[in-house]
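J.:
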Amino acid sequence: MSKIEKMSIQGIRSFGPDEDNKQLIQFQTPLTLILGPNGTGKTTIIECLKYMTTGVMPPGCLKGGAFIHDPKVAGEREVKGQVKLQFRDISNKPLIVQRSLTATQKGKKVEMKTLDGVITRMNAAGEKQSISSKCMDLDREMISSLGVSKPVLESVIFCHQEDANWPLGEGRAVKEKFDAIFASTRYVKALESIKKTKKEQDEKLKLYRVEIQHLKQNKETAQKLEADLRETEDKLTQSKDSVKQVDEQLAPIQEKLKKIDDQSAEIYNIQNNITKWSSEKKQLDKSTAELQQQIEIEFKGSDEELKKVLADFQDKLEERQKTLKEYESQNTELSRLLEKTDREKSSILVEVGRLEQEAQRQQENVQKRDDMIKEYAEEYNFPGFQGPIVDEKYKLFLKSMQGKLEQMMNDTKQKKEEFDSRESEIQSKIDELRTNKTKLEHSVLMKKETMAENREKVKVINRKLSAIEASSGRLDQIKLELRRHEVDLETQEGSVNPEDLKKEIASLTKEKAAREAKISELNSEMNKLTLQSSAQAELDMYKKEMVTKQENVRRLRAKRESMIKNLLGTMPSDSKIREEIEEYISNQTNEVHKSRSKMQQINNSLSQLEAQRKMYMEQNNKKEGELKGLEERVYKVCGSQNFDEGLSLVQDKVEKARVQRGSLLGAEHFFKKYKEDLEKLNPCCPLCHRAFDSDQEVKDLVLELRENLRKVPVKLEKATKEVEEYQEQYDQIMQLKPLRAQMEVLEKEELPTLKTSLKRCQDETHKLKEQLADVEEALDIQDSDAQMAKEAQPDIVMIDRYQGEVVELERKIRDQSAKLVGGGTGRTLQKVIEEKEELQIQVDDASKQLDRKRNKLNEHMESVQVLRATITSLREEKLGIENDLQQRLKLEEDKGTLEAQDSTLDMEIKEATEQLRPLEKKINGFIKEKEASIAEKEEKIEIAKAE
9 MSKIEKMSIQ GIRSFGPDED NKQLIQFQTP LTLILGPNGT GKTTIIECLK
59 YMTTGVMPPG CLKGGAFIHD PKVAGEREVK GQVKLQFRDI SNKPLIVQRS
109 LTATQKGKKV EMKTLDGVIT RMNAAGEKQS ISSKCMDLDR EMISSLGVSK
159 PVLESVIFCH QEDANWPLGE GRAVKEKFDA IFASTRYVKA LESIKKTKKE
209 QDEKLKLYRV EIQHLKQNKE TAQKLEADLR ETEDKLTQSK DSVKQVDEQL
259 APIQEKLKKI DDQSAEIYNI QNNITKWSSE KKQLDKSTAE LQQQIEIEFK
309 GSDEELKKVL ADFQDKLEER QKTLKEYESQ NTELSRLLEK TDREKSSILV
359 EVGRLEQEAQ RQQENVQKRD DMIKEYAEEY NFPGFQGPIV DEKYKLFLKS
409 MQGKLEQMMN DTKQKKEEFD SRESEIQSKI DELRTNKTKL EHSVLMKKET
459 MAENREKVKV INRKLSAIEA SSGRLDQIKL ELRRHEVDLE TQEGSVNPED
509 LKKEIASLTK EKAAREAKIS ELNSEMNKLT LQSSAQAELD MYKKEMVTKQ
559 ENVRRLRAKR ESMIKNLLGT MPSDSKIREE IEEYISNQTN EVHKSRSKMQ
609 QINNSLSQLE AQRKMYMEQN NKKEGELKGL EERVYKVCGS QNFDEGLSLV
659 QDKVEKARVQ RGSLLGAEHF FKKYKEDLEK LNPCCPLCHR AFDSDQEVKD
709 LVLELRENLR KVPVKLEKAT KEVEEYQEQY DQIMQLKPLR AQMEVLEKEE
759 LPTLKTSLKR CQDETHKLKE QLADVEEALD IQDSDAQMAK EAQPDIVMID
809 RYQGEVVELE RKIRDQSAKL VGGGTGRTLQ KVIEEKEELQ IQVDDASKQL
859 DRKRNKLNEH MESVQVLRAT ITSLREEKLG IENDLQQRLK LEEDKGTLEA
909 QDSTLDMEIK EATEQLRPLE KKINGFIKEK EASIAEKEEK IEIAKAE
């Protein structure tokens with residue numbers, strides 16, 4: 009806290025300008041009284057303090073001429089005035105301030121000039137540091153050092169006596185003074201700033217809360233997704249491990265299957281070759297037999313008979329050819345059946361191999377079972393289990409094991425029951441001992457509590473007995489004091505008559521109230537007379553201020569009217585505009601948050617759909633690639649033809665090639681036979697057996713047969729190659745049958761399903777993107793509207809505030825106008841004041857008389873009351889002492905009884921304590937015995953389980 013210590017004055021007012029006239033005033037703490045007759049400089053000291061602290065001259069000395077010592081009085085042309093002030097600032101550091109002025113006589117005028125002011129401080133090293141007023145604002149530095157505002161210094165602390173009645177001045181001036189003293193303008197501005205900041209922070213807080221809720225939802229979703237991702241990754245890892253294990257297990261199986269397929273193909277080819285060669289051999293054998301039969305029969309008859317035989321032979325030949333075709337078709341069918349049988353044979357062989365492996369494993373398991381049976385039979389001494397184990401022995405072993413198990417279970421159960429009965433017996437003993445122990449402990453506790461209560465009662469009795477001993481000598485003294493106080497009470501009651509005093513007080517009070525009512529009327533009349541002059545000025549000021557506020561409202565309303573109509577549809581009234589705008593901002597903010605939440609949901613859905621689309625695309629591309637690979641493999645074998653058409657065509661080619669090869673084999677035999685027949689003497693036609701007309705025909709026929717025989721091997725080799733090629737092509741096509749089935753599954757089931765899912769996903773994505781565009785467009789509009797409303801909000805607040813101020817000004821104008829209505833009493837203010845002062849003197853005299861009489865009555869009543877209270881207290885004390893003396897014998901008897909009971913209880917506690925020790929030892933022994941029994945039981949149960 010700041011504190012003024014001392015001040016020196018020279019050349020100010022009546023203080024002379026010479027060094028000898030310099031005066032030093034020492035200020036005391038906490039109060040300094042300045043006394044003296046008029047004209048000695050008391051006011052000058054206050055003026056100097058005000059000038060030093062604020063830089064303000066006294067009233068009427070604006071130019072300073074009257075403040076400095078008059079040069080005419082000093083007899084000099086120029087007089088210098090100086091004031092020094094030493095004080096401590098708010099941090100308790102010493103400061104010295106010096107202000108200097110000069111007054112110069114120029115003709116009839118006195119000109120004043122302010123010289124530089126200096127402020128001196130002490131630094132940390134204890135050295136003085138001075139700063140001139142040229143380098144700083146000395147007035148502001150003084151205010152900050154003293155820690156008191158300038159209005160407080162000027163109008164309160166160092167207020168001049170001529171300005172001391174400023175609280176009775178005009179209302180506006182008084183208001184300005186008070187506003188300056190209490191810094192209400194700054195307070196109002198700070199309060200408005202705080203309210204505005206609070207409102208902004210509340211809006212931000214609402215946004216942050218909504219955002220926090222939204223972020224919490226996102227966080228929970230993210231945590232859930234992370235948990236799902238971790239779970240999926242774990243499952244994926246497990247699936248990969250499982251797939252890897254399955255692949256490892258499948259690798260040897262696939263190698264075995266490949267070897268089996270290779271062996272099956274070789275077997276199939278060998279069997280086909282065997283079948284082909286067998287059929288060809290049979291055909292050749294049959295043809296050879298028929299030809300030999302035909303050659304061996306010698307025809308004996310005429311030409312007509314021969315022709316007839318030939319005709320019959322031709323018919324038979326045609327019939328045989330038909331039969332041959334039927335056989336060939338049957339052969340083709342049988343070949344197909346054979347291929348089917350071979351495939352079934354391959355599958356049966358695979359199944360046989362699998363069954364053989366299972367049989368081998370079964371045999372191994374049976375061998376292990378027999379070994380375990382023999383081991384357990386030997387361990388448990390079961391007779392008759394030597395040698396191979398048959399079903400009868402196996403059943404006998406199971407029956408023996410069940411009997412052994414039941415026996416062991418019974419033994420275990422019996423032992424467990426023995427241990428349980430033993431444990432229950434021990435536990436019952438422990439419970440019995442614990443019950444006895446608890447009873448003894450409870451008995452000891454109850455006795456100790458009884459002893460404690462008895463000791464407390466004995467202490468109380470001892471205190472009462474001591475008090476009775478001490479108060480026995482007090483009884484006589486109390487009787488003497490009681491008689492003395494009763495005499496004093498009679499004397500005091502007879503000295504004053506309270507009823508007379510009360511009547512006098514009532515009369516004086518009535519007179520005082522009447523005079524005070526008159527004073528109140530005079531005050532009202534004074535206020536009316538005082539206000540009459542300033543009321544009109546205040547009314548004009550209020551009207552002018554209201555016009556200014558209304559103009560501000562109109563200007564702000566015109567500025568924001570189009571925007572508000574655009575946002576709200578209509579322009580609300582001034583009283584509701586702030587409420588509706590704030591409600592609109594709140595609604596728009598909520599809509600913006602809802603739209604953002606909806607956008608977030610749509611974006612999440614789009615992300616999921618995009619992931620699904622990518623997955624479907626990858627699966628579709630994979631399946632299409634797989635289908636394309638299968639189609640290329642089929643195309644390499646079948647070409648551009650359909651699979652079924654290619655298979656049927658290849659089958660036809662195989663059959664034709666085989667028929668062609670068989671025909672060539674038969675033709676070669678026939679051509680050789682015909683050539684040999686024609687080379688004999690007198691040859692005839694091998695078919696029709698007619699004779700040739702000339703040898704040249706025989707030679708031409710023989711040459712033709714030789715040419716055909718020469719061509720047969722080449723054609724046969726070509727036919728054989730064609731059969732092999734067509735058969736190989738047929739085998740390749742047959743191997744493609746599983747691929748064809750896989751292609752059909754891909755084309756008809758998997759790819760259409762994937763394309764349907766992909767299209768559905770794309771359609772949903774398109775719909776969601778359209779929704780997202782709509783939501784984004786709505787969000788932009790909502791956000792823009794909300795931003796416009798927030799930008800206009802300060803002006804709306806000002807409109808609302810100005811409107812409230814206008815309403816308040818209208819009320820003040822009405823009140824002020826009401827004050828101006830009516831006239832006065834016709835008296836002057838001075839007469840009213842004189843009458844009021846005279847009545848006030850009378851009221852003061854009546855108040856003094858009332859105070860004296862009331863004090864006398866109160867003192868009398870208090871003395872009487874004190875004496876009566878003292879007498880009552882002494883009588884009560886006397887009765888109490890007499891009552892205590894009567895109870896003394898009973899208290900001594902009670903004390904003896906309690907002490908005897910305590911000694912008895914103490915003996916019983918000692919006996920119970922001695923009984924508790926062996927009980928605790930027995931309980932501990934039984935507990936150890938029970939624990940040993942439980943350990944032994946568990947050990948035997950574990951042994952039985954192991955057996």
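As numbered in the working numbering, residues 9 to 955 make up the sequence shown, in order. The beta carbon of each residue, even a glycine, is placed where N, CA and C say it ideally should be.
#1: Considering just the uninterrupted stretch of the beta strand (DSSP E) at SER138, what are its terminal residues?
#2: Just mark THR62 as buried or exposed, buried being the case when its beta carbon has 16 or more other beta carbons within 10 Å.
#3: Determine, using beta carbons only, whether PRO721 comes closer than 8 angstroms to chain C.
#4: Considering only their Cβ atoms, is the gap separating VAL600 from LEU960 smaller than 8 angstroms?
#5: By a C-beta neighbour count over all protein chains shown, 10 Å radius and 16 as the cutoff for buried, is MET417 buried or exposed?
#6: Three or more C-beta pairs under 8 angstroms: does that hold for the segment 552 to 571 against the segment 750 to 769?
#7: When DSSP labels each residue in this structure, what does ALA133 get in the three-state scheme?
#8: What are the start and end residues of the alpha helix (DSSP H) that includes LYS50?
#9: Going by beta-carbon coordinates alone, are GLU732 and THR340 separated by less than 8 angstroms?
#10: Going by DSSP, what residue range makes up the beta strand (DSSP E) through ARG107?
#11: Of all the options ASP28, ALA943, GLU569, which has the alpha carbon lying nearest to the alpha carbon of GLN801?
#12: Where in the segment 710 to 793 do unbroken runs of the alpha helix (DSSP H), each at least 4 residues long, occur, reported from the N-terminal end onward?
#13: Going by DSSP in three states, PHE166 sits in which element: helix, strand or coil?
#14: Would you report the Cα separation of LEU404 and ARG430, rounded to the nearest angstrom?
#15: What do you reckon, are the CB atoms on LEU497 and ILE879 nearer than 8 angstroms?
#16: Beta-carbon within less than 8 angstroms of ARG96's beta-carbon, same chain only, minus the 5 sequence neighbours each way: which residues are those?
#17: Within this structure, are the beta carbons of ALA920 and SER432 separated by less than 8 angstroms?
#18: Just to confirm the assignment, what range does the alpha helix (DSSP H) spanning GLU178 have?
#19: Check whether the Cβ atoms of ILE931 and LEU441 lie closer than 8 angstroms to each other.
#20: Which residues in the same chain as GLY155 place their Cβ atom closer than 8 angstroms to its Cβ, once the five residues preceding and following it in sequence are excluded?
#21: Is it right to say TYR195 is buried, meaning 16 or more other beta carbons lie within 10 angstroms of its own, or is it exposed?
#22: According to DSSP, is VAL398 part of a helix, a strand, or is it coil?
#23: Kindly provide the ranges of any alpha helix (DSSP H) runs that are 4 or more residues long and lie completely inside the segment 489 to 560, ordered along the chain.
#24: Using the rule of at least 16 other Cβ atoms within 10 Å of the residue's Cβ for burial, across every protein chain shown, is ALA794 buried or exposed?
#25: Beta carbon of ASN46: closer than 7 angstroms to some heavy atom of the ligand MN?
#26: Write down every uninterrupted run of the beta strand (DSSP E) in the segment 435 to 489 whose length is 3 residues or greater and which is fully enclosed by it, in chain order.
#27: For SER16, list the residues DSSP reports as bridge partners.
#28: Determine the burial state of LYS455: buried for a count of at least 16 other Cβ atoms within 10 Å of its Cβ, exposed for fewer.
#29: Would DSSP call HIS156 helix, strand or coil?
#30: When the distance is taken between beta carbons, is GLY89 closer than 8 angstroms to SER108?
#31: Give me the DSSP bridge partner(s) of ILE268.
#32: Given this structure, state the Cα-to-Cα distance separating LEU161 from LYS203, to the nearest angstrom.
#33: GLN271: which of ASN470, LYS353, LEU711 sits nearest, CA to CA?
#34: Expressed to the nearest angstrom, what Euclidean distance is found between the alpha-carbon atoms of SER825 and GLU816?
#35: Which residue's Cα is closest to the Cα of LYS573: ILE589, ASN560, ASP859?
#36: Quick one: what's got a C-beta closer than 7 angstroms to ILE42's C-beta in the same chain, skipping five residues either side?
T.: From the atom records:
#1: 136 to 140
#2: buried
#3: The structure shown has no chain C; it contains just one protein chain.
#4: Examination of residue 960 is not possible in this model, given that the chain is present from 9 through 955 alone.
#5: By the neighbour-count criterion, in which a residue is buried when 16 or more other Cβ atoms sit within 10 angstroms of its Cβ, MET417 is exposed.
#6: no
#7: coil
#8: Run containing LYS50: 50 to 62, per the alpha helix (DSSP H) assignment.
#9: The answer is no: Cβ separation not under 8 angstroms.
#10: 102 to 114
#11: GLU569
#12: 745 to 753
#13: coil
#14: 39 angstroms
#15: yes
#16: SER10, LYS11, GLU13, PRO102, LEU103
#17: no
#18: Taken as a continuous stretch (DSSP letters only), GLU178 belongs to no alpha helix (DSSP H), as it is neither H nor E.
#19: yes
#20: MET9, SER10, ASP97, ILE98
#21: If you draw a 10 Å sphere on the C-beta of TYR195, you find fewer than 16 other C-beta atoms in it, and that means exposed.
#22: coil
#23: If only complete runs of 4 or more residues are kept, the segment 489 to 560 shows no alpha helix (DSSP H) anywhere.
#24: buried
#25: The model on display carries no ligand, and the ligand MN is accordingly not part of it.
#26: none
#27: BP columns for SER16 point to LEU32, LYS92.
#28: buried
#29: According to the sequence provided, residue 156 is Val. The question's His does not apply to it. Three-state result, VAL156: coil.
#30: yes
#31: In DSSP, ILE268 forms no bridge with anything.
#32: Cα-Cα distance, rounded: 31 angstroms.
#33: For GLN271, the closest alpha carbon among the candidates ASN470, LYS353, LEU711 is that of LYS353.
#34: So the two alpha carbons sit approximately 14 angstroms from each other.
#35: ILE589
#36: LYS50, ILE53
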